[in-house]
Amino acid sequence: MTATPAKTGPVTSVARNRTVRQYVARVLFAVLMTLVGVLFALPMVWLVLAPFDATPTLSLEWPDWTLDNFARLAENPYALRSIGNSLILGVGTMVIVVGLGALAAYAMSRIRIPGRDGILYALLLLSSIVTGTAAMVPTFQIITQLGLINNYVGVLLVLAGGILPTVIFILKDFMDSIPKSYEESARLYGAGPFRILRDVVAPIARPGLAFISIWTIVQVWGNFLVPFILLRSPDLQPAAVLMYTFYTESGQADLRLISTFALLFSAPVLIIYFVVNRRYGFRFHGGIKS
Amino acid sequence: MTSSTVTPPAGRVTAPRRRRADDVAGLGKARAGLFVAPALIIIGIFLLFPAVWTVWLGMTDYRLTGLQAASPEFVGLENYTEALTDPAFWNSLWLTLIFVVASGIVGQTLIGFGLAWSVRNITGWVKALIEGLVLAAWVIPASVASFLWLALLDRRTGTVNALLGTEGAAWLIDHPMEAIILFNIWVGTAFSMQLFSSALSAVPPSQIESAKMVGASGWQQLRDVIVPNIKGHILTNTLLITLWTFNTFTPYLVTAGGPNGKTEILSVYIYETAIPGGQLGLGAAISLIMLLINLVIALGYVRVAQGRRKR
Amino acid sequence: MAGITATQLVKEYPGGVRGVDEVDVEIRDGEFFALLGPSGCGKTTLLRSIAGLEAITSGSLVIGDRDVTNAEPGVRGVAMVFQDYALFPHMDVGDNIAYPLRIKRVKRDERRGTAAKVADGLSLQGLIERRPGQLSGGQQQRVALARAVATRPDVLLLDEPLSNLDARLRLEARTFLKELQRDLGVTTVFVTHDQAEALALADRIAVMRAGKLQQIGTPREVFQRPNNTFVAGFIGSNPMNLLPAQVRESRLAVGDATVSLPPGTEQLVREGQDVVWGIRPEYVRWVTAEEAGAIPAEVSVVENLGASVLIVVNAGDRKLQVAVPEDQEPAPGDRGWIVPQLSKTLLFDAETTERIG
Amino acid sequence: MIHHSRRGIVAAFAVATASALVLAGCSGEAQPEETEDGPVTLTITANAITGGKNAAEADWIADWVIPQFEAAMEEEGRDVTVEFEPQGVDDENYKTKIALDLQSGEGADIIGMDGIWVGEFAEAGYIKPLSEVAGDAVDDWEGWEQIPEAVQAAVSFDDERYGVPQGADGRVLYYNKTLFEQAGLPADWQPESWDDVLDAARDLKQVEGVTPIQLNAGTAMGEATTMQGLLPLIVGTGEQVYEDGEWLGDSDGLRDALDLYKTIYIDEGLGDAVLQQEAAGRDTSFQLFAQNQIGILLEGDYFWRSVINPAEGVGTAPMADRDTVVGYAKIPAMEPGSGIEGQDFVSMSGGTGRVLNPNSEHPELAWELLAFMNSAEAYEERNATTISITPRTDVNDAILSEDPMLTFVSEEVLPVTAYRPPLAAYPQVSTALQQATLDVVSGSSVDDAMSAYVDAVTDIVGEDAVAGN
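Given below as structure tokens:
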């Protein structure tokens, strides 16, 4: 990386030019990185400051420090609970999709099924329309018929159905890239497929599983429509739904509550993300293989 | 794990097929079926079934309320002809393409790659900070992120106007498409960055070094060593990003499709048609059209990938 | 402990390619057996078929007194060390070694104890809590071995056990393997493409080519009496000189020169037959004064091998390699004579490549 | 790449499995009949939630209605539990949710809804006339006498009562007396025609940093554009959006109204055209008015009660000096006497109400609860902290005197007000109207905006149902 001028004799002009050019490049690089950092940081500053301002506005200003907003939010009977609900939904969906997704992705990675990739692509495409508004009525009807309205099971299953194809798609990529000798080795000692998956494949694919778990939680965390239409009781609604209650009849945002809730709403996923990242480190393996 | 001087294992030459899809764990088709079944059942009931139902809805004049809710009529392909002859649909499709290309393919993918490439050789807090910020933008829930951007771009008290001294500039009115493109880049770049940074770390250093030794410039290294090595990742990334960008509804939270439909990308158009407009049948039909467009794009990518492989 | 008997073993891949083609082999109980051959000869496929990792297309496989042709790998009583060792990166050395015991539901304390004992035996003391990534190549290999022998398998399979080690370590590991195998007395089959390794380690060697067995024998047998020109050329650190020749008047015309037929082959050849004459470079002398049976030659290339020198000489229009003691090293361009040691020469049929006599 | 056959098999499998499960669900649905004497549970849902949207209503239901009603029932010896399912989302989402509930035969026994949804819900068969659901008790209710016909009409359809209105409102022109003073305008202002309004706006334009008039336009504000913008203008020309079975088409009245938009936003720059297109434009207009930056604003009494209300924690853009600075005037017709029914002044009213769920297992009891929620006592309690106009004249007489503005609306505005047609097609026609204002405000000619509107409305209701065709 660093340029070392010739050790003996005078520094040649070529070397000097190179040094200058590298220096300029490094400065430019530093400026660019700073710019990118600022661009990404800028919108978030408001999130960090506004909740602590006695009278937050949309503008970025040094707060008139107070914790009143948090106290007010704590009085809301649903706010804090909704974050807990989001955790239940997020983690619940994660357990379902990562568990079932890993099983399915493993089998699809190791067994040749005709048209396997085609099915995966098709499901991936379908998941995009069904999670949208168009399939809302069918989804609601199915859950009603199954008697799962106002029940987390219904929400979890619908969320899982929408997310599973992508999870399988990404996990299969991970599994494809795991050297087969690990599994063969375990198999020689008499380990069955389920054991192999548990003892060998899952731990080795752990970064992938960690990544997909976080991805799932992020997806569920922000999902408004599914829990909203499938749950009746506000005690059960997750934070994504509750966030919308902090608007007045005419759509005005209550900035004090919104800003504070936004921070509390974002914090758990951010914390989960950084803890998991620190502990497991996210690594993708492979891409779509030939 | 293994050192880079591994000789190709003997006996593998005659059996190249073993590389993939070999039943190394002794799964057997029946057990593989059992492994796949729970996921497929959930997908079948909660994804496929509503999807088929949606296709059916797309052939009716169904509405959520009003007379057509009580007795929807089968209209065949009428919804499709209606959508395809509506200039608003084509306008929306055009906006979507701009949005996907600019924010997804060019924005997220290139910036994500650029970030992964830039931070690969730096360590310590700078890397952690940059990556942390980009990832935080990705993790923050969409409803919060959109609110942050409303605050950022607000015409009167927005942060951008305060910083640039452009008091009263209505970014979301005058440059709505640019705004949601930037917004979507901000939200989504982390995925590409993550994917590419692990892809880059898997490129054998020896290959880069040998390219360096023959005097390849950074650009040449990229073209001749890096890109061929991470082709699979590029495909995965582009495919997923395209699909996601095509279907994202989050920009609605920033501009609500406005002003005057200037940011009415397809997902918003479907929402406007189906919910405020009440025409669920038509909305379902447009959804299916969107699915077909996605399908064409996906097939295109796969074709490109296969074409490359043959060479 | 058990022997292995493969009968008419075939492994056919979809598309009709045969990785293993009608192989008959009998490996004795406690034997150290090598599968030797160039890349792609089917030796690893055969090994994996024994392990049960490849489904056998036809033929039968018996380990001990059990027919395991269609048995699951886990019940065959075999253990295997993979070429890349396949040590689980998420487990420490102890857990890696104890993994087979965990499958057999041995309690944790007990299996950690066994693992520690096995590790001690393989000079892995103090490494029990390390992760595989923190070990050297040699240590990794020993961990893989320890894991394989921890369950006291009937058969130990080694896939290119030494290929991932550097040259110096390889020699040490070779000795170590040999000792280990002798101590355990376990039937061991190993795959290698390195003939020196096979010669050094194995009790018997099976040489394979294109899925077919070429020769089974002791190292001495395959070295001294190779079945065909392929084995002859493959075995030995310096490949055997194989020169086209013709039988003429009970002698052998090799280019311009004529030499005596190898002893005992006189009755087996007919006049005018095209044959291949084989002689190892070690069994040819380079002399600077003419003597009986000597063929005139000129040195073209000299390669220093340390204690000896390998020279390439032109004898008429034929080229031969000759091993020369270091103190007799000639210079390129020197003229002299070569003298083959008649009793060590071999004769192969030019058409079938089979050895004559 | 895609293997159709395989996909087909999977699809068939999934449908089969799902159908099996759905059938199982159906058969298992039968619930034990509750006897009349046994414990009964009633549920109420409304787009109101404690600590959030419409919190006052939610609190009132939870803290007063439910305990009071349960206690009253207990006195009668009946074991009734009332549950409240609060919501707190935007109206579109709330509407979607209750539509889904009703469509599947589920949902709360008493459902709060906007009056303009009644038509489409009734057409869909989701709701039924009250008396059909709960029997004769409905018509015998004392409350009807207290609720003016026009207010009842807000939650009626086809001359049948589908619900009980829960409030009444009216629209006025708010103006800022401080700014008026600076512009040399009277503090006591009552325009007689559109020109009077324009004249005042022109004067206000001379004041630095002030947007003279805010007349909602554009699609971003949704229904606020129609209710607080175009519709009050249209009725001021003597026309109605729906009259004699026909929807408004290319008419002089609509042209005049769009011309007014053009004058304000394009020709004379009296309003902020950009603000109309902002996603949070209405919100911003509130803030600006509260900050003395908007001269004249057409809004409902809601603006007075809940936006600029200085009371702690009530107003979202509180104006401490509201009572002295903010003036209000009736909306003039285009010219005196040109409004509907030859009126000089006009207004629009909306209204929300509560309906009975026809799927209710205890419709009579649900009606009792609904009637209880609309009793004079209930409204008095409901307005104990923040006063609003109730549908009941007896209650209004008692409570409104405290607030001159609401008295003004009740006495001066409600008599001249008009209502939107409670028809299924209305929301779409409304969107077309909003689009027309947007076109004008973003620079299209009135002719172009008009023809686009006529095309759109023809598409929605069919050629025969558009006036002027």
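Residue numbers (this note's numbering), protein chains in the order written: chain A, 1211 to 1500; chain B, -16 to 294; chain C, 921 to 1277; chain D, 2 to 470.
We put the CB at the ideal spot given by N, CA and C, even for glycine.
Please determine, among A125(D), M222(D), A291(D) and E336(D), the residue with the shortest C-alpha to C-alpha distance to G282(D).
M222(D)
Report the neighbours of V1258(A) on chain C: residues whose CB is nearer than 7 angstroms to its CB, in chain order.
The premise fails here: V1258(A) is roughly 37 angstroms from chain C at the closest Cβ pair, so nothing lies under 7 angstroms.
If you count every other CB in all the chains shown that lies within 10 Å of the CB of L1334(A), and 16 or more means buried, which is it?
Around the beta carbon of L1334(A), 16 or more other beta carbons lie within 10 angstroms, which makes this residue buried.
The beta strand (DSSP E) that contains I297(D), what's its start and end?
I295 to G301
Cβ of T1108(C) within 9 angstroms of Cβ of Q1101(C)?
For T1108(C) and Q1101(C), yes; Cβs fall inside 9 angstroms.
Quick check: is the beta carbon of F1268(C) nearer than 9 angstroms to any beta carbon in chain A?
no
So is A177(B) in contact with chain A if we call contact Cβ pairs under 9 angstroms?
Just to set this straight, residue 177(B) is Gln in the shown sequence, not Ala. By this cut-off, Q177(B) is an interface position.
What residues from chain B crowd round L439(D), counting only those whose CB sits closer than 7 angstroms?
N243
Near Q204(B), what residues of its chain come up, given a Cβ to Cβ distance below 8 angstroms and the 5 sequence neighbours on each side ignored?
I191, A194 and K195
Given a limit of 7 angstroms on CB to CB distance, which residues of the segment 36 to 61 of chain D reach chain A?
Hits within the stretch, in order: I50, T51, G52, G53, K54 and N55.
What are the residues in the segment 932 to 948 of chain C lying within 9 angstroms of chain A by C-beta distance?
none
Please return the same chain residues whose Cβ sits closer than 7 angstroms to the Cβ of I1306(A), not counting the five positions on each side in sequence.
The residues are L1366 and A1370.
Let me know the secondary structure DSSP gives M1346(A) once reduced to three states.
helix
Leaving out five residues on either side along the sequence, give the residues of the same chain with a beta carbon under 7 angstroms from the beta carbon of A85(B).
I164
If the cut is a Cβ gap below 7 angstroms, which residues of chain C does V1410(A) touch?
F1008
Check Y235(B) in the structure and name its three-state DSSP category.
helix
Buried or exposed, going by whether 16 or more other CB atoms sit within 10 Å of the CB of K1024(C)?
exposed
Give the straight-line distance between the Cα atoms of S189(B) and I1321(A), rounded to the nearest whole angstrom.
34 angstroms
Hey, G354(D) and V347(D) are a contact pair by Cβ (cut 8 angstroms); roughly how many whole angstroms apart?
Contact doesn't hold; Cβ gap of about 23 angstroms is too wide.
Is the segment 1221 to 1232 of chain C close to the segment 1176 to 1193 of chain C, with three or more CB pairs under 8 angstroms?
no
Which partner residues of I112(D) appear in the DSSP bridge assignment?
Answer is T46(D) and V356(D).
From A419(D) to F409(D), what distance separates their C-alpha atoms?
Going by the C-alpha atoms only, they are around 16 angstroms apart.
What are the complete alpha helix (DSSP H) segments, minimum 4 residues, inside the segment 1356 to 1433 of chain A?
1362 to 1386, 1390 to 1398, 1403 to 1406 and 1416 to 1432
So, I1155(C) versus R1205(C), is the Cβ gap smaller than 9 angstroms?
No.
Once the 5 residues before and after Q1003(C) are set aside, which same chain residues still bring their CB inside 7 angstroms of it?
D1079, E1080, S1083 and N1084
What residue range does the alpha helix (DSSP H) around L1163(C) cover?
Careful: L1163(C) lies outside any alpha helix (DSSP H), inside the beta strand (DSSP E) at N1161 to R1168.
Going along the chain, which residues of its own chain have a beta-carbon closer than 8 angstroms to the beta-carbon of K96(D), five neighbours each way excluded?
M114, D115 and W118
Could you list which residues in chain D have their beta carbon closer than 9 angstroms to that of A111(B), in chain order?
Simply none; closest approach about 35 angstroms.
Quick check: is the beta carbon of A1396(A) nearer than 9 angstroms to any beta carbon in chain C?
Flagged as an interface residue toward chain C: A1396(A), by a C-beta distance shorter than 9 angstroms.
Could you name the residues of chain A that T1071(C) contacts, counting a contact when the two beta carbons are closer than 8 angstroms?
Y1399
For the alpha helix (DSSP H) containing V1038(C), name the first residue and the last one.
R1028 to G1041
Short of 7 angstroms in beta carbon distance, which residues of its chain neighbour C27(D), apart from the five on each side in sequence? Order them along the chain.
Because the pLDDT at C27(D) is just 40, under 50, the model does not fix this residue reliably, and the value given afterwards should be weighed accordingly. Excluding its 5 nearest sequence neighbours in each direction, C27(D) has no C-beta neighbour in its own chain below 7 angstroms.
Starting from T1107(C) and walking both ways along the beta strand (DSSP E), at which residues does that stretch end?
T1107 to T1112
Looking at the C-beta of S1338(A), does it have a partner C-beta in chain B at a distance below 9 angstroms?
By this cut-off, S1338(A) is an interface position.
Measuring CA to CA, which of V83(D), P428(D), L271(D) and G89(D) is closest to M1453(A)?
G89(D)
Please decide whether R1320(A) counts as near chain C, where near means a Cβ-Cβ distance under 9 angstroms.
no
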